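In terms of my numbering, the sequence shown opens at residue 202 and continues consecutively.
Note that beta-carbon positions come from the ideal geometry of N, C-alpha and C, so glycine has one too.
Here the structure is a predicted model, which means the values were calculated and not measured.
Since the structure comes first, as structure tokens, the remarks are kept for the end.
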Amino acid sequence: MTKRLTMLALGLFTALASTALAEDGKKIGFIYPTLNNPFFVDQSKGADKAAAEFGGTMVHLSGDNQVAKQVQQMEDLIAQKVDAIVIQAVDTGGIVAAVKEANAAGIPVFTTGERITGADVKTAVFFDNIESGELGGKWISDNVEGGNVLELIGILGTETARQKSEGFKKGLLAGKNGDKFEIVASQPADYDRTKALQVTENVLQVNDIAVIYAANDEMALGAARAVEEAGLTGKVMIVGNDGTADAIEAVKAGSMAATIATPGYLQGFIAVETALKHLSGVTVPAVIPEKSTPITKENAEEADSVLHGTAPEQRYWESLYGK
Numbered sequence: 202m203t204k205r206l207t208m209l210a211l212g213l214f215t216a217l218a219s220t221a222l223a224e225d226g227k228k229i230g231f232i233y234p235t236l237n238n239p240f241f242v243d244q245s246k247g248a249d250k251a252a253a254e255f256g257g258t259m260v261h262l263s264g265d266n267q268v269a270k271q272v273q274q275m276e277d278l279i280a281q282k283v284d285a286i287v288i289q290a291v292d293t294g295g296i297v298a299a300v301k302e303a304n305a306a307g308i309p310v311f312t313t314g315e316r317i318t319g320a321d322v323k324t325a326v327f328f329d330n331i332e333s334g335e336l337g338g339k340w341i342s343d344n345v346e347g348g349n350v351l352e353l354i355g356i357l358g359t360e361t362a363r364q365k366s367e368g369f370k371k372g373l374l375a376g377k378n379g380d381k382f383e384i385v386a387s388q389p390a391d392y393d394r395t396k397a398l399q400v401t402e403n404v405l406q407v408n409d410i411a412v413i414y415a416a417n418d419e420m421a422l423g424a425a426r427a428v429e430e431a432g433l434t435g436k437v438m439i440v441g442n443d444g445t446a447d448a449i450e451a452v453k454a455g456s457m458a459a460t461i462a463t464p465g466y467l468q469g470f471i472a473v474e475t476a477l478k479h480l481s482g483v484t485v486p487a488v489i490p491e492k493s494t495p496i497t498k499e500n501a502e503e504a505d506s507v508l509h510g511t512a513p514e515q516r517y518w519e520s521l522y523g524k
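Structural data, given as structure tokens:
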């Protein structure tokens, strides 16, 4: 009986200790444009990894690509008195007032993706979208002899879509065969696989396409499906952007030629690590630029170390932290 009571007491102590640890952990709210996109699912997994390592707890929220919903989620997190908020805004202009509310409440805000101006953001964690697009364009120009190009851009009017398109065109011209390409169609597909499939089907009906560049992997995979259904696999080179697991499998299989890896997992990890470092008193930088890496058939087997590289020796961003 005594032994049983001792075990029960020990179990109760362990449960209380676990609860206390959970309560002591800093609570981070993370608002995504959507959680129906593999990139942002990866981002949430990276955020969870950082929270587990650095003593935080996560609240994950999907904005469903609606700025009004993200604004409401910001207000809800402020009311919950979370310790910090990370957001990748659907519309950077539309979220400014909500960020200012967080500022007034003393809650630090961190961003991923497009940068927010007009309010206080503690750290912006982002990929250089121009560089990312440029890497894709140059890789195509260096590896394809020329031809007609279909460019699948993201959501019209967004900074990310504009910058990736600008970089892609710059890289295409800068590569070895830059003067041998013509962009015959530049169409939005809203980062959506099904929309990209439909757009690509329509373009292939009226144009002889040699290359498709997509500003994210979901669109690239939709394009690959359209190319396959048209019987053109191997004749049309497809390059995407993100480095998602599905895209890397497509690169290995040969239905995509390359993806420019901008790992969402690392972005989520860096943003949450930075938020927790700040909350612990560490000086954090205003910006943390991330690295983009082309993934092709030659290095696809080693892609995991690029996409999920959070071993201590891989954390290049930590050199930007103060004390």
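Run through DSSP, which three-state label would Thr445 get?
Translated into positions along the sequence shown, residue 445 becomes position 244. DSSP places Thr445 in coil when its eight states are reduced to three.
contact_flag[the stretch 436-452, the stretch 233-242] where n(CB pairs < 8 Å) is 3 or more:
yes
CA nearest to the CA of Ala332, picked from Asn500, Gly368, Leu521, Ala512
On the sequence shown, residue 332 is found 131 positions in, with the first residue counted as 1. Reading off the sequence, residue 332 comes out as Glu, not Ala. With distances taken between Cα atoms, Glu332 lies closest to Gly368.
Rounded C-alpha distance that separates Ala223 from Tyr233
Here residue 223 is taken as the residue at index 22 of the sequence shown, counted from 1. Here residue 233 is taken as the residue at index 32 of the sequence shown, counted from 1. For Ala223, the predicted structure reports a pLDDT of 37, less than 50, and the residue's modelled location is therefore unreliable. The matter cannot be settled from this model.
I think Gln388 touches Val400, with their Cβ atoms under 8 Å apart; what is that distance to the nearest whole Å?
Locating residue 388 in the sequence shown gives position 187, where the first residue counts as 1. Locating residue 400 in the sequence shown gives position 199, where the first residue counts as 1. Contact holds; Cβ gap of about 5 Å.
Straight-line Cα distance separating Thr463 from Trp340
Residue mapping note: residue 340 aligns to position 139 of the sequence shown, counting from 1. Residue mapping note: residue 463 aligns to position 262 of the sequence shown, counting from 1. Going from the Cα of Trp340 to the Cα of Thr463 covers about 15 Å.
Along the chain, where does the beta strand (DSSP E) that runs through Pro490 open and close?
Position 289 of the sequence shown, counting from 1, holds the residue named residue 490. From DSSP, the beta strand (DSSP E) with Pro490 extends over 488-491.
Selection from Val488, Asp284, Ala320 that minimises the alpha carbon distance to Lys228:
On the sequence shown, position 27 is the one that residue 228 refers to. Among Val488, Asp284, Ala320, the Cα nearest to that of Lys228 belongs to Asp284.
Return helix, strand or coil for Thr475, following the three-state DSSP convention.
Within the sequence shown, residue 475 is the residue found at index 274, counting from 1. Reduced to three states, the DSSP call for Thr475 is helix.
List the endpoints of the continuous beta strand (DSSP E) containing Thr258.
In the sequence shown, residue 258 corresponds to position 57, counting from 1. Segment 257-263, the beta strand (DSSP E) holding Thr258.
Would you please state the rounded distance, in angstroms, between the beta carbons of Lys396 and Gly423? I believe it to be under 8 Å.
As a position in the sequence shown, residue 396 is number 195, starting the count at 1. As a position in the sequence shown, residue 423 is number 222, starting the count at 1. 7 Å between Cβ atoms; contact.
Using the Cα positions of Ala320 and Glu383, report the straight-line distance between them to the nearest angstrom.
Here the question's residue 320 lines up with position 119 in the sequence shown. Here the question's residue 383 lines up with position 182 in the sequence shown. Approximately 41 Å, taken between the alpha carbons.
In the DSSP assignment, find the unbroken beta strand (DSSP E) run with Glu352 in it and report its ends.
Stepping through the sequence shown from its first residue, residue 352 is reached at position 151. Start and end: 348-354.
Assuming contact is defined by CB atoms lying nearer than 8 Å, are Pro495 and Ala459 in contact in what I supplied?
Numbered from its first residue, the sequence shown carries residue 495 at position 294. Numbered from its first residue, the sequence shown carries residue 459 at position 258. Taking 8 Å as the Cβ cut-off, Pro495 and Ala459 qualify as a contacting pair.
Determine the closest residue to Glu302 out of Gly314, Pro490, Leu278, Gln364, with distance taken between C-alpha atoms.
Stepping through the sequence shown from its first residue, residue 302 is reached at position 101. Residue Leu278 is the option with its Cα nearest to Glu302.
Among the residues of its own chain, which have a CB less than 7 Å from the CB of Lys270, if the five just before and after it don't count?
The residue labelled residue 270 in the question sits at position 69 within the sequence shown. Hits under 7 Å: Gly264.
Could you name the residues of the same chain whose beta carbon sits closer than 6 Å to that of Glu519, not counting the 5 residues immediately before and after it, in chain order?
What you label residue 519 is simply residue 318 of the sequence shown in a count that begins at 1. Excluding sequence neighbours, Glu519 sits near nothing in its chain.
Could you name the residues of the same chain whose beta carbon sits closer than 8 Å to that of Ala362, not counting the 5 residues immediately before and after it, in chain order?
Here residue 362 refers to the residue found at position 161 when the sequence shown is read from its first residue. Around Ala362: Ile354, Gly355, Ile356, Pro389, Ala416.
Given this structure, state the Cα-to-Cα distance separating Thr313 from Ser366, to the nearest angstrom.
Your numbering for residue 313 matches position 112 in the sequence shown. Your numbering for residue 366 matches position 165 in the sequence shown. One C-alpha to the other measures close to 19 Å.
Which residues in the same chain have their Cβ closer than 7 Å to the Cβ of Gln267, if we skip the five residues on either side of it in sequence?
As a position in the sequence shown, residue 267 is number 66, starting the count at 1. For Gln267, where only same-chain residues beyond five positions count, the Cβ hits under 7 Å are Val291.
C-beta atoms of Lys478 and Tyr517 nearer than 8 Å:
By one-based count along the sequence shown, residue 478 stands at place 277. By one-based count along the sequence shown, residue 517 stands at place 316. No, the pair does not count as a contact, with Cβ atoms beyond the cut-off.
Out of curiosity, what's the CA-to-CA distance linking Glu499 and Gly441?
For this step, residue 499 is matched to residue 298 along the sequence shown. For this step, residue 441 is matched to residue 240 along the sequence shown. Distance between the alpha carbons of Glu499 and Gly441 is about 16 Å.
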